[in-house]
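Trainee:
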Amino acid sequence: MVDGVAQPNAEYVLEGTPSERLLTQRSLVIRDRARERFPRAPVLARTGARSYVGQQLTASDGTPIGMIFVVFRQTLERSRFVSNTLQIFAARAAAELQRQTDDQRIRQQASLLDKARDAIIVRDLEHRITFWNEGAERMYGWSREEVLGRSIATLLYQNPEDFLRATQQVMQHGVWSGEILQCDRAGRTLEAEGRWTLVRNDRGEPESVLAINADIGTRKHQEREIQRLAFFDPLTHLPNRVQLLDRVDQALAKAQRLEQGGALLFIDLDNFKTLNDTLGHDQGDELLQIVAQRLNTCVRSADTVARLGGDEFVVLVEQLSAHSDTLAEQAGAVGEKILAVLSAPYALTGYQHRSTPSIGIALFNHAPTTVGELLKQADLAMYQAKTAGRNTLRFFNPSMQHAVAERASLEADLRNALAQKEFLLHYQPQINARGAIVGVEALLRWAHPRRGMVSPGQFIPLAEETGLVLPLGHWVLHTACSVLADWQRVPALAPLTMAVNVSSRQFRDAGFVDDVAGVLAATGAPASQLKLELTESLLVEDLAATIATMAALRALGVGFSLDDFGTGYSSLAYLKRMPLGQLKIDQSFVRDLLTDPNDAAIVRTIIGLAASLGLEVIAEGVETSAQRDWLAHAGCAVYQGYFFSRPLPLDLLEQLLHDHIAAARTPSL
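Read in order, the letters of the sequence shown correspond to residues 1 to 669 in the working numbering.
#1: Below 8 Å, can you find three or more Cβ-Cβ pairs linking the stretch 642-659 to the stretch 610-625?
#2: With distances taken Cα to Cα, identify the nearest neighbour of A214 among R354, A333, S177.
#3: Considering only C-alpha positions, which residue in the set L615, A302, P234, Q458 is nearest to G559?
#4: How would you label L669, buried or exposed, when you count the other beta carbons within 10 angstroms and need 16 or more for buried?
#5: Is it buried or exposed, F507, if we count other Cβ atoms within 10 angstroms and call 16 or more buried?
#6: Hey, could you find the ends of the alpha helix (DSSP H) H323 is sitting in?
#7: Determine which residues share a DSSP beta bridge with S358 and list them.
#8: Please state whether the Cβ-Cβ distance between A49 and R26 is less than 8 Å.
#9: In this structure, what does DSSP give as the bridge partners for I585?
#10: Leaving aside the five residues before and after S528 along the sequence, list all residues of the same chain whose C-beta is less than 6 Å from its C-beta, in chain order.
#11: Which of the three DSSP states is assigned to F423 in this structure?
#12: With a Cβ-Cβ cutoff of 8 Å, do S60 and L76 count as a contact?
#13: Run the CB neighbour count on K584, radius 10 Å, all protein chains shown included, and call it buried at 16 or more, exposed below.
#14: Could you give the DSSP three-state label for E259: helix, strand or coil?
#15: Round the Cβ separation of L264 and L342 to the nearest angstrom and send it over; I've been treating them as touching at under 8 Å.
#16: When you compare the CB positions of E422 and W446, do they come within less than 8 Å of one another, or not?
#17: Determine the contact status of I152 and H127, defining contact as a CB-CB distance below 8 Å.
#18: Tell me, please, whether the stretch 431-446 touches the stretch 472-488 by the rule of three or more beta-carbon pairs shorter than 8 Å.
#19: What is the DSSP secondary structure of L669, reduced to helix, strand or coil?
#20: Could you give the residue range of the alpha helix (DSSP H) that holds W630?
#21: Taking 8 Å as the cut-off, decide whether the C-beta atoms of G62 and L28 are in contact.
#22: How would you call R300, buried or exposed, if buried means at least 16 neighbouring beta carbons within 10 angstroms?
#23: What residue range is occupied by the uninterrupted alpha helix (DSSP H) comprising R219?
#24: Quick one: using the 10 Å Cβ neighbour count with 16 as the cut-off for buried, is M498 buried or exposed?
#25: Run the CB neighbour count on Q7, radius 10 Å, all protein chains shown included, and call it buried at 16 or more, exposed below.
#26: Quick check on the DSSP output: what are the complete beta strand (DSSP E) runs of length 3 or more inside the stretch 456-540, in order along the chain?
#27: Examine the Cβ distances between the stretch 475-491 and the stretch 453-466 and report whether three or more of them are shorter than 8 Å.
#28: Express the C-alpha separation of Q260 and L656 in angstroms, rounding to a whole number.
#29: Please name the residue in K531, L613, S588, P39 whose C-alpha comes closest to that of Q627.
#30: Using beta-carbon positions only, say whether L339 and G360 come within less than 8 Å of one another.
#31: Using 8 Å for Cβ pairs, my map puts E533 next to V483. What's the rounded Cβ distance?
#32: Per DSSP, which one or two residues make a beta bridge with S177?
Here is the structure:
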């Protein structure tokens, strides 16, 4: 503005002008001779100015955002008045610039929020909606125009109690995150995961609540489906072995805490195989279903009836007397009732059938014991009932301790085995869809001089219980990594991965990360090709410590595979938080996937889950080409099992590897 006339916008070069001073100071007053002091300032020359008053424009945090100045053609007499007046204009101009900047930033942020996939909603403290992005429109079905100003409590919540509790948490703590039920425009219930934040104004007063909600219905459905398929027997709908073991563990803890007693009844149907062989599996399945129904009539709602598999059932009876005689009497009464109920005739389709059970009973009270020990005792007692002529029951007693004595003998041999170099590793190849070997799994074997080859199922749990698994696990890791390091000198073998199983006790050991790092350094094995196989039960023990250990190992470059997936307790929430690279489908699901729709459904679900989480999936226990083809069609591209190769000693494995290499190099005719 010059002499009251607005001037067009133009660039104003600060160098050599009074305004250059305003970059470093709040204000500047030149009462006279402004042109002489700043001869290079074009504005002063063009206007014939003699005096100058300038004021810096600042944001609310004091940051310079501009400047304002006035010039006069005469000497300035009332400089204080002009300066004070200009300060007022400067404050108003700065506020307007700040507002424009904030508006632009808000528009940019709103545009970004609008494009977000999640539903982003802002509501005031009266729960009225003030912002509703496109993600919210997609998730809930209402447009922005339809919801602005409406109460979110009545719009999205059929029962607002959970909403009000979550809102109270936000108001008290500033944030809330969790799962909450909502509803959409059509009235359908939505399972949502929310992250809500309290927004405060410049004075620190609560102003609104920002909510970011995601529809987790598909994820929760997958989780429930996996749990249903993994924890219940599909034929009888009873709890399966996995769930039974968990319930027994809880029952033992409760018995110790409340000083109560309980009983575990192991039930095996007499001559069930004969029924299957003569009448067929359909009749056998029908009998098992009726047995399950009858067993449920023999117990209370607090008790558990489970199917272990085949014709084996287990009944867990809780909240009995802690007095041994009374406890035995109570458990015996339940056992006699089961004997009578299961011995009654069965009306099968087209047949009248009679079946009897053999029952073993193991008692427990507040004295410490383990789930495995209790189940072994009941199993031993059941075999005593079989030996006694079937259709009867037997209690476990110390005379059945031959198995325990054998265990003690095995433990003594196990303690000497490592020093005597009786352990060795076999390696089972892992094959991709093109038939190429992409890695191996190292499997521990015990060549006992007297017992022969001892099953890992016998000695590994024993090593875990006694702590011998720590030196044994170190030996396995060091041996496997030495092989992996040797392969780096052979270009064709260098890309192979080495999978090593890690026990819970080994993983929980305070020195495990250092042990792995030390082995890698000592052997020269590439960490990126070492894959540690962990079980689901290990993952859920002390989640924070598990994640910390995995993160430390991942920082070394080590990868992870979740072994026997689908048989344990892991949830999607755990899987998302852990640096896993691979899910391994348990062989129990692969074995019958061609004939058992339930196993097939579990495998499909696991493959889909792995894909959604960006994880590789491998199937173990592949024994036929039909299983391999089914898995390939379902989306599983890596396999392991006897169809390809049994576990091999190192020399035979390397011969197999070289044969594969030679075959790959030979051109087909």
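Note that the Cβ used here is the ideal one computed from N, Cα and C, for glycine as well. From a predicted model like this one, the values you see are computed outputs, not experimental measurements.
Mentor: Per the coordinate set shown:
#1: yes
#2: As a working mapping, residue 214 is identified with position 214 in the sequence shown. Cα-wise, what sits closest to A214 is S177.
#3: Start at 1 with the first residue of the sequence shown, and residue 559 comes out as number 559. The residue with the shortest Cα to Cα distance from G559 is L615.
#4: Counting from one through the sequence shown, the residue named residue 669 turns up at place 669. For L669, the predicted structure reports a pLDDT of 47, less than 50, and the residue's modelled location is therefore unreliable. A value from the coordinates is still provided. Exposed: under 16 other Cβ atoms inside 10 Å.
#5: Mapped onto the sequence shown, residue 507 falls at position 507. Looking at its Cβ environment, which holds 16 or more other Cβ atoms inside 10 Å, F507 is buried.
#6: As a first step, residue 323 must be located in the sequence shown, where it is residue number 323. Careful: H323 lies outside any alpha helix (DSSP H) and carries neither H nor E.
#7: Against the sequence shown, residue 358 aligns to sequence position 358. S358 is bridged to D268.
#8: Residue numbering aside, residue 49 sits at position 49 when the sequence shown is read from its first letter. Residue numbering aside, residue 26 sits at position 26 when the sequence shown is read from its first letter. No. Outside cutoff.
#9: Within the sequence shown, residue 585 is the residue found at index 585, counting from 1. The partner list for I585 (beta bridge, DSSP) reads F565, A619.
#10: As a first step, residue 528 must be located in the sequence shown, where it is residue number 528. By the criterion of a C-beta distance shorter than 6 Å, S528 is surrounded in its chain by G557, once the five residues flanking it on both sides are discounted.
#11: Numbered from its first residue, the sequence shown carries residue 423 at position 423. Here F423 sits in strand by DSSP.
#12: One-based indexing of the sequence shown puts residue 60 at position 60. One-based indexing of the sequence shown puts residue 76 at position 76. No. Outside cutoff.
#13: Mapped onto the sequence shown, residue 584 falls at position 584. That one is buried.
#14: By 1-based counting over the sequence shown, the position of residue 259 is 259. It is coil, neither helix nor strand.
#15: Counted from its first residue, the sequence shown places residue 264 at position 264. Counted from its first residue, the sequence shown places residue 342 at position 342. At roughly 17 Å, the Cβ-Cβ gap does not stay under 8 Å, so L264 and L342 are not in contact.
#16: The residue given as residue 422 occupies position 422 in the sequence shown. The residue given as residue 446 occupies position 446 in the sequence shown. In contact: E422 and W446 (Cβ atoms closer than 8 Å).
#17: Within the sequence shown, numbered from 1, the residue matching residue 152 stands at position 152. Within the sequence shown, numbered from 1, the residue matching residue 127 stands at position 127. A contact, by the Cβ cut-off of 8 Å.
#18: yes
#19: Numbered from its first residue, the sequence shown carries residue 669 at position 669. With a pLDDT of 47 at L669, under the threshold of 50, the modelled position of this residue cannot be trusted; read the value that follows with caution. Coil.
#20: As a working mapping, residue 630 is identified with position 630 in the sequence shown. Counting along the chain, the alpha helix (DSSP H) containing W630 begins and ends at 625-634.
#21: Taking the sequence shown and counting its residues from 1, one reaches residue 62 at position 62. Taking the sequence shown and counting its residues from 1, one reaches residue 28 at position 28. No.
#22: Counting from one through the sequence shown, the residue named residue 300 turns up at place 300. Flag for R300 reads exposed.
#23: Translated into the one-based positions of the sequence shown, residue 219 becomes position 219. Counting along the chain, the alpha helix (DSSP H) containing R219 begins and ends at 217-231.
#24: Indexing the sequence shown from 1 puts residue 498 at position 498. Under this definition M498 is a buried residue.
#25: Start at 1 with the first residue of the sequence shown, and residue 7 comes out as number 7. Exposed is the call here.
#26: 497-501, 530-535
#27: no
#28: Indexing the sequence shown from 1 puts residue 656 at position 656. Indexing the sequence shown from 1 puts residue 260 at position 260. Computed Cα separation, rounded: 58 Å.
#29: Position 627 of the sequence shown, counted from the start, is the residue given in the question as residue 627. Closest option to Q627, Cα to Cα, is S588.
#30: Working through the sequence shown from its first residue, we reach residue 339 at position 339. Working through the sequence shown from its first residue, we reach residue 360 at position 360. Contact: no.
#31: As a position in the sequence shown, residue 533 is number 533, starting the count at 1. As a position in the sequence shown, residue 483 is number 483, starting the count at 1. Actually they do not touch by this definition, with Cβ atoms about 16 Å apart.
#32: Translated into the one-based positions of the sequence shown, residue 177 becomes position 177. DSSP, once it has assigned bridges, lists R195 as partnering S177.
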